[in-house]
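Each number in this note's numbering corresponds to the 1-based position in the sequence shown with 42 added. Note that CB positions come from ideal geometry on N, CA and C, so glycine has one too. See structure below.
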Amino acid sequence: MRAIHLWSGLRRNRGDSSLTILILIACLVCIVIFLKWYLKTPVKDPDLYDYPEAWKEWRARGKFKKPAQPLSPEQPALTELLKYDTNLSDKESSEPRGEMLLFVGPEGSVRGGWHGLYWKTRTVNFQLIRGGFNGKVYPAKIYRNENGEEDPSMLYMMAKCNFSALKTDTKNGRVSHFGGDIYVRGWLSPEYVLTGEVTVTSSGEGVEKFTLKSHSPERQSVIFFKE
Numbered sequence: 043m044r045a046i047h048l049w050s051g052l053r054r055n056r057g058d059s060s061l062t063i064l065i066l067i068a069c070l071v072c073i074v075i076f077l078k079w080y081l082k083t084p085v086k087d088p089d090l091y092d093y094p095e096a097w098k099e100w101r102a103r104g105k106f107k108k109p110a111q112p113l114s115p116e117q118p119a120l121t122e123l124l125k126y127d128t129n130l131s132d133k134e135s136s137e138p139r140g141e142m143l144l145f146v147g148p149e150g151s152v153r154g155g156w157h158g159l160y161w162k163t164r165t166v167n168f169q170l171i172r173g174g175f176n177g178k179v180y181p182a183k184i185y186r187n188e189n190g191e192e193d194p195s196m197l198y199m200m201a202k203c204n205f206s207a208l209k210t211d212t213k214n215g216r217v218s219h220f221g222g223d224i225y226v227r228g229w230l231s232p233e234y235v236l237t238g239e240v241t242v243t244s245s246g247e248g249v250e251k252f253t254l255k256s257h258s259p260e261r262q263s264v265i266f267f268k269e
C-alpha cells in the first residue's frame, strides 16, 4: 500500500511540475510576442508624437520621408555654425557621463561626438573610444511642456551613431569592449540654449538616458564645418 501511495504521489508531483512548466512557457511566449509588438509598433509621423522611444522615432524618420520644412520666424535662425561643448549627467549621480561636443550648421545639419571617461560605479569606468553622430533639425515638431502647453519657438533636432567603449573594473582589473547606439534629441531655444536627452543602448549595458544641457554656444566660421 505504501508503494502505491508513493507512486501516486510521484505521479501527482510530475503532473504539477509539467503544468508549472507549461504555464511558464506560455508566459514567456506572451512576453516575447508583446516585446515584438512593442518594438515594431509603427510611428507614422514622429512630429505628431510627443515622446516616442528614441529608436522608434529614428526608424520612423528613416521610413517617413517628409519634405524639408523651413524654419519659422519664431524659431532660432541658423545663420552661422553653432558649437556646443557640455557634460552629460543623469539622475543617479552628480558625476559627468562623458562630454558631448555638438555642432549645428546653417543648413540645419547636426554633428558631434560623445567622448571622455566616466565612472559607472565607484569601481567601474567607461572609456569612450568612438561616438560620432549625424542628424539634422526638424522644424515641424512642436515643443510641449509637462502641462501640454505648446511653444512654437523651440527648434527640435535629432542625431544617431554607433559607439564603442572600454569597460574597466578596477576591483578585479578586468577590461572588456562593448558597443551600441547613441540617440541625441534636443531643443534649441530662440536664445540658442540647448537642452535635451541622450539615449544610449547596448546589448551588454542595457538602456541609459542622460541629460544634455548647454548655455549659449560658440559661433564659428562655416568653412570649418564643410567636408
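Alpha helix (DSSP H) segment containing residue i, residue limits
i: Gly104; result: Ala96 to Lys105
Residue interval of the beta strand (DSSP E) (run including residue i)
i: Val152; result: Ser151 to Trp161
i: Ala201; result: Leu197 to Asp211
i: Asn167; result: Val166 to Arg172
i: Gln262; result: Glu260 to Gln262
i: Arg216; result: Arg216 to Leu230
i: Val240; result: Leu236 to Ser244
i: Lys251; result: Gly248 to Ser256
i: Leu143; result: Glu141 to Val146
i: Leu123; result: Leu123 to Asn129
Beta carbon of residue i nearer than 9 Å to that of residue j
i: Phe168; j: Gly154; result: no
i: Phe205; j: Gly222; result: yes
i: Pro118; j: Tyr234; result: yes
i: Thr128; j: Ser256; result: yes
i: Glu141; j: Trp156; result: yes
i: Arg227; j: Gly238; result: yes
i: Val152; j: Gly173; result: no
i: Gln262; j: Glu149; result: no
i: Val146; j: Pro259; result: yes
Cβ neighbours of residue i in the same chain (closer than 6 Å, five flanking residues each side left out)
i: Phe252; result: Leu130, Asp132, Arg139 and Val240
i: Thr62; result: none
i: Tyr180; result: Tyr198
i: His236; result: Note on residue identity: the sequence assigns Leu, not His, to residue 236. Excluding positions up to five away in sequence, the list reads Tyr126, Gly228, Leu230 and Ser256.
i: Lys82; result: Residue placement at Lys82 is poorly supported in this model, since its pLDDT is 49, which falls under 50; the coordinates still yield a value, given next. No residues qualify anywhere along the chain.
i: Leu48; result: In this prediction, Leu48 scores a pLDDT of 48, lower than 50, which makes its location untrustworthy; the coordinate-derived value is nonetheless stated afterwards. Contacts found: none.
i: Thr212; result: Thr165
Minimum Cβ-Cβ distance from residue i to chain B less than 9 Å
i: Gln117; result: Absent here is chain B; the protein component of the structure consists of one chain.
Cβ distance (whole Å) where residue i is taken to contact residue j below 8 Å
i: Ile224; j: Val249; result: Not quite, the Cβ-Cβ distance comes to about 11 Å (not below 8 Å), so this is no contact.
i: Gln111; j: Ala201; result: Incorrect: roughly 18 Å between the Cβ atoms, too far for contact.
Own chain residues within Cβ distance below 7 Å of residue i, not counting five before or after
i: Ile171; result: Ser206, Ala207 and Leu208
i: Ser244; result: Phe220, Gly221 and Gly222
Residues near residue i in its chain [Cβ-Cβ closer than 8 Å; skip 5 each side]
i: Pro23; result: The requested residue 23 is not part of the displayed model; the chain covers only 43 to 269.
i: Leu64; result: none
i: Leu41; result: An answer regarding residue 41 cannot be provided, because it is not within the stretch 43 to 269 covered by the chain.
i: Asn187; result: Asp193
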